[in-house]
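As structure tokens, the structure follows; a few thoughts come after it.
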Amino acid sequence: MDLRHSEKDEQFRAEFRAWLDASLPQEMRRPEFWADLSEEESFQTRRTWEKGKAQDGFAGIAWPTEYGGRGGTPTMKAIYDEEMARVGAPSTVNALGLAFLAPTVMALGTEEQKRSIIGPLLHCDVIWCQGFSEPGAGSDLAALQMRAEPQGEEYLLNGQKIWTTNAMHGDRIFTLARTSTSDGGKRHAGMSMLLVDMHQPGVESRPLKQMTGASEFGEVFFTDATCPRSDVLGGEGNGWATAMLLLSFERGSSAIGQYTEFRRQWDDVVDVARALDRDGRPAAQDPVLRQSLAAALVELECLKYHSWHVLTQTTQGRDLGFEASMTKIMWSETFRRVSDSYEAVLGTAFGVPELGSGLRLEELTSLAMWSRSCTIWGGSQQVQRTVVAERVLGLPR
Amino acid sequence: MHFQLTDEQRALRDAARSYLRDRFGPRQVRALYEDPDSDGVPAPLWQALGEQGWLAVLVPEEHDGIGLGLLDAAVLAREFGAGTVPGPWLGTILVGEALRLAGSPEQQATHLPDLAAGGVRGAVALLRPGWFPSPAGAPASARDGVLSGRLDLVDYPSTADLLVVAAQDGLYLVDPAAAGVTVSPVDALDRTTRLGTVLLDGARGEKLPGSTPAVVQDLLDRAAVLVANDLVGIARKAVTDTVEYDKTRVQFGRPVGSFQALKHSLADLHIGVTFAEHAATYSAHAADVDAPDRQLAASIAKSKAADVSRDATGAMIQFHGGIGYTWEHDTHFYFKRSKRLEAAYGDAAQHRERVARLLVDQAPDSPAVSAVGSEMSAGVA
Ligand SMILES: Cc1cc2nc3c(=O)[nH]c(=O)nc-3n(C[C@H](O)[C@H](O)[C@H](O)COP(=O)(O)OP(=O)(O)OC[C@H]3O[C@@H](n4cnc5c(N)ncnc54)[C@H](O)[C@@H]3O)c2cc1C
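Protein chains in written order, with my numbering: chain Y, 34 to 430; chain X, 43 to 423.
What follows is the structure, given as structure tokens:
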């Protein structure tokens, strides 16, 4: 048992901290700053900041330098996540590209794809969308209908994607479509992962308004849109295997970034509880609310221990395999626990923008709502539980 | 970053596991359950605990011990939980810890070697049942070294050779055979212990000179950490055995483990137990390195382990169906042991309250608060 990082890893922390100190404006660390911006302003501000970060070498931390990464260790990536969350740095505008596409390209892409995709992605010159879900294909992804017909050197795309994050900002979309008619019962056959330009007449994006009022996701319609046949990732007809590999990457993360972010959220909730009146004393003194806050803290700290466990395993070169599905369940459930206690603390005041004391609540409230989505996207909690039961515990199908 | 047991700790775990598998398995536990005359300390088992050094883990080498840390003891506690092992192992370990932390050199030299070898069996009364786990819950009162009080639900007092009793001003060594000490057995549902009431009425106690309130709290935390590890061992075993049973039990033409209601419950339990295992491990490590958040870690471990073990042992009965409710099946060993330990040294709600006292009530820059999240950078080794 030794919870220290190597000196080299700690050196990286010091370096990145110094960079953040110098390069993240104070106002951007305050949630109010973001609450007062429009969605569009917020996106562009984050994009610009993230570009600068990449230019200074703090992007693609554990990726090879030849493709524009920093060539660091998995621990450095974990430290990066932790430091970003600690200072409340803006979240990435290219989340799906970073988490899913880039590692898949690294694993399956051609040399040409690696060179043309990774660098611009890291520098936010190209914002990537993920086009998997369709109106009739959510958890059951294999039910997807979108067609991509080979025509000479191109595919002709027709169909619809939904819940597409960044639909209104996307430059390109990695999407799953049927490139040949699947024979009989083989639902997983005949699919391909295509890398499609969203700036073309055959692609139309429409925003969908979320429960928060924001429109971070939308619908994408394809009407005779085109895509060169060279822009297939992982080979024509291998779409299902490519998609499964792609989805596995998210699970490998240590979740230390999530821990740090939710721990900040918890600290802020406690501040709110200290300021709010309940039965003539601070809500923080209410025995039931204390139980709720403490129960959330217990889950949070367990999440941190688990992230140490994951980091230990990955540092030693072990693949967590399906065990990694647990990490997603753990962090998203923990996030909900913290959010539940926030809602309980606020009571009838849930949703008001600020407390009389001047304490602003927009950020906490939107976090609480966002926590509701994290148990749905990237494989719903129910689907993940089934994976854990069958693949980790070995229960029969 | 190595958040894992060392090779030596894994070897210790494997040794305990294979001893229990070969020499003291469910059959022996059952025999004990069904023997109305047993004192609850199977002689071969107790002898083995002494010979293997499992009573000596925390005793310093200069007193014939092995001088390891709480994490090593926790590794054993976890195996003993999984095996529903009877006997006054915990009481003996805690008497040793009281002496190590608060005893005079003479007291240590007199008692520690015998405790390490298993020649002396210990029992402790540190906290009134139901009370918040703090020195204020001391069950005895002392005046001029003379003790009085009723000590309820003490583990293994009838077979003990040495008692450690908490009074309002610290810890005392008490000879159970001395005048003014009356021990009367109390029936326990969990037959892997033997409970009793100890009446102190003018009994002479020998004060442990170093037993400040901070040391008493430390001892209570160490007890909570070891119990948390026992509970985690129970919970893991309950989940594993239930999964195995549900893979083979067929109803409606298919294994019941293929039903999603069971799958999702078992997946949640697996995740909960995994969290509790981490917490139980870290809490012991935190004590060993005197981490700034060690109190917090102890309370996190105890509350999480108690909740998870309650859920896992309850699910074990439910997901075995009728057979799970029988005397013949082992389910009740785990359920009953879990019940006994869930509330020992503070139940889940009390430990959550302690978490709140440490983090909600204290000023944000107090050590307990700033400790959290800074281990990685501060380098707790
Ligand atoms: C904020 C947000 C962002 C998203 N971004 C993207 C994106 O960028 N790209 C993209 O492609 N998709 C995206 N999604 C879509 C997401 O992946 C799907 O919503 C998700 O896979 C669930 O599909 P569904 O919405 O069709 O729900 P359904 O599959 O219809 O599920 C409805 C309910 O049934 C349950 N259920 C379904 N199947 C089973 C089963 N076999 N056993 C038990 N329960 C089951 C589900 O858990 C859920 O509770 C996003 C979603 C959200 C909320």
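Heads up, the beta-carbon is just placed ideally off N, CA and C, and yes, glycines get one too.
Note that this is a predicted model, so its numbers are computed, not measured.
A direct Cα-Cα distance of roughly 13 Å separates A165/X from H153/X. Proximity of chain Y to V397/X at the Cβ level (cut-off 7 Å) is accounted for by A327, L330, V331, in chain order. Under the three-state reduction of DSSP output, I160/Y falls in the coil class, being neither helix nor strand.
Note that the C-beta distance between V331/Y and H312/X is not below 8 Å. In terms of beta-carbon proximity, T408/Y stays away from the interface with chain X, with every pair separated by 8 Å or more. Annotated three-state conformation of D217/X is coil, per DSSP. Under the three-state reduction of DSSP, A288/Y is assigned to coil, being neither helix nor strand. By the Cβ criterion, the stretch 223 to 231 of chain Y is in contact with the stretch 193 to 213 of chain Y, since at least three pairs of Cβ atoms, one from each stretch, lie closer than 8 Å. Secondary structure at H362/X: coil, using DSSP grouped into helix, strand and coil. S263/Y is classed as exposed because its beta carbon has fewer than 16 other beta carbons within 10 Å across all chains shown. DSSP places P315/Y in the strand class (E or B) of the three-state scheme.
Taking 8 Å as the threshold, the shortest C-beta distance from A57/X to chain Y does not fall below it. A Cβ-Cβ separation of about 13 Å leaves L87/X out of contact with T134/X under the 8 Å criterion.
Remark: three or more beta-carbon pairs, one from each stretch, lie closer than 8 Å, so the stretch 370 to 378 of chain Y and the stretch 398 to 414 of chain Y are flagged as touching.
Taking 8 Å as the CB threshold, T348/Y lines the interface with chain X. Listed along chain X are F45, F317, H320, A321, T323, Y324, each with a C-beta nearer than 8 Å to that of Y338/Y.
Of the heavy atoms belonging to ligand 1, at least one sits nearer than 7 Å to the Cβ of T197/Y. Inclusion of L129/Y in the 7 Å shell around ligand 1 follows from its C-beta lying nearer than that to a non-hydrogen atom of the ligand. For the pair G67/X and P128/X, the CB atoms are not nearer than the 8 Å cut-off. If the five residues before and after S390/Y are omitted, its C-beta is found closer than 7 Å to the C-beta atoms of A308, all from its own chain and listed in chain order. A straight-line Cα-Cα distance of about 33 Å links Q392/X and G363/X. Only residues of its own chain outside the window of five on either side were considered, and among them T108 have a CB closer than 6 Å to the CB of H38/Y, listed in chain order.
Taking CB atoms only, G92/X has no neighbour in chain Y less than 8 Å away.
By the neighbour-count criterion, in which a residue is buried when 16 or more other Cβ atoms sit within 10 angstroms of its Cβ, G187/X is exposed.
Looking at the backbone, the Cα of L47/X and that of G252/X are separated by about 31 Å. Not one heavy atom of ligand 1 lies closer than 7 Å to the C-beta of Q291/Y. Your pair A339/X and A328/X checks out as a contact, with CB atoms roughly 4 Å apart and the cut at 8 Å. Look at F254/Y: its beta carbon is at least 7 Å from all of the heavy atoms in ligand 1. In the three-state reduction of the DSSP assignment, Y188/Y falls in the strand class. Contact between the stretch 157 to 166 of chain Y and the stretch 125 to 135 of chain Y is present, with at least three C-beta pairs closer than 8 Å. G172/X and T201/X have their alpha carbons spaced roughly 24 Å apart.
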